[in-house]
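Engineer:
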Amino acid sequence: MIVFDLCCAAGDHRFEAWFASSDSFVDQQARRLIACPVCGDSDVRKAVMAPRVGVKSNQQIVSKPPAAEPVDGEPSPALMRRVIAEIAARQAEMLPHSRWVGRDFAAAARAMHEGRVAEKPIHGQASPEEAEALREDGIAAMPLLVPIVPPDAVN
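According to the working numbering, the stretch in the sequence shown is residues 1378 to 1532, in order.
1) Thinking C-beta only, is Ala1503 closer than 8 Å to Ala1483?
2) Just to confirm, are Gly1501 and Arg1487 a CB contact at a threshold of 8 Å?
3) For Glu1376, I'd like the list of residues in its chain whose CB is within less than 6 Å of its CB, leaving aside the five on either flank, ordered along the chain.
4) In angstroms, rounded to a whole number, what distance separates the CA positions of Arg1476 and Pro1498?
5) In whole angstroms, give me the CA-to-CA distance for Ala1455 and Ala1518.
6) So what does DSSP say about Arg1458, is it helix, strand or coil?
7) For Ile1411, count the other beta carbons within 10 Å of its own beta carbon; 16 or more makes it buried, fewer makes it exposed. Which is it?
8) How far does the alpha helix (DSSP H) with Arg1487 in it extend, from its first residue to its last?
9) Could you tell me which of Val1523, Glu1393, Ala1407, Glu1451 sits nearest to Glu1463, measuring between CA atoms?
10) Give the secondary structure of Ala1530 by DSSP, where H, G and I count as helix, E and B as strand, and everything else as coil.
11) Is DSSP giving His1474 helix, strand or coil here?
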């Protein structure tokens, strides 16, 4: 088996594919059986890739973690799906330990910052203007990375 880094002509998306041999790749490419997993384009070519060169027997092998991003800097779709799934999982773990304050988020965050109420994790809704005012006043707040349905909107 041999692995090639491939690239589609339509979107210049990079992806890997395994083949029985180099001839197998050429045959499948000629019959347009290989398609880009991102856009579906079947005009696929080999991308530039670093060769795997064996080390001398007197040298220590140092394993390197696989690169998270291709050489061209564009993260692979599979990597993006894994990252988003991990963010969603972490957020889902944190939300049950946080209190929903709805549209009162800015006021509740400000009250905690000023010491009027005990600090506890909260989540809710704020307008862009309210979020900017919190930031300007040095109050730590950030948007949830994965949208949620407000508890009062759930059936």
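Ideal Cβ placement from N, Cα and C applies to all residues, glycine included.
Structural biologist: With the structure as the only source:
1) yes
2) no
3) There is simply no residue 1376 to check, as the chain begins at 1378 and stops at 1532 in what is shown.
4) If I take the Cα positions, the gap works out to 6 Å.
5) 30 Å
6) helix
7) buried
8) 1482 to 1490
9) Val1523
10) helix
11) helix
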